[in-house]
Amino acid sequence: MVWILGGGASAKEGDESVERVRALVGSLGGEVGDVNPWGKRNLAYPIEKQTEGFYVEAQFKLDAARTPELEQACNADRQIIRHLIVKK
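For what it's worth, this note's numbering labels the leading residue of the sequence shown as 397, then goes sequentially.
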């Protein structure tokens, strides 16, 4: 999964976001593996009037039936401006 925090996010907020996602995946019966914060990058196009975002990538194992719950939680998190979950 890759998610983008708003451009005003700091590395500390990125770490906090990772912990929230880690706790969420754990509560859904999954486990988080590698986490790679990519840091601030320019967006290809503006999202919610922002031109920069703090990117984070994480690999996790989760039952596919629980993925919609993870999607809903990511959509509800106001700091996450975009996310993408890909099956490996």
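Yeah, the Cβ is synthetic: ideal placement off N, Cα and C, and Gly gets one too.
Assign V431 to one of three DSSP states: helix, strand, or coil. V431: strand per DSSP, three-state reduction.
Can you list, in chain order, the residues of its chain whose CB lies under 6 Å from that of V482, leaving out five sequence neighbours each side? Answer for V482: no residue qualifies.
Less than 6 Å between C-beta atoms, sequence neighbours within five positions excluded: which residues of the same chain meet that for K436? E448, F450
Assuming contact is defined by CB atoms lying nearer than 9 Å, are F456 and V414 in contact in what I supplied? no
Report the rounded CA-to-CA distance for A469 versus G403, giving the unit in angstroms. If I take the Cα positions, the gap works out to 20 Å.
Assuming I477 contacts E444 under a Cβ cut-off of 8 Å, what Cβ separation, rounded to an integer in Å, is found between them? 6 Å
Determine, using beta carbons only, whether Q475 and A419 come nearer to each other than 9 Å. no
Alpha carbon to alpha carbon, how far is A454 from E412? 14 Å
Between W434 and the rest of its own chain, which residues show a CB-CB distance below 6 Å, the 5 nearest in sequence each way excluded? Y451
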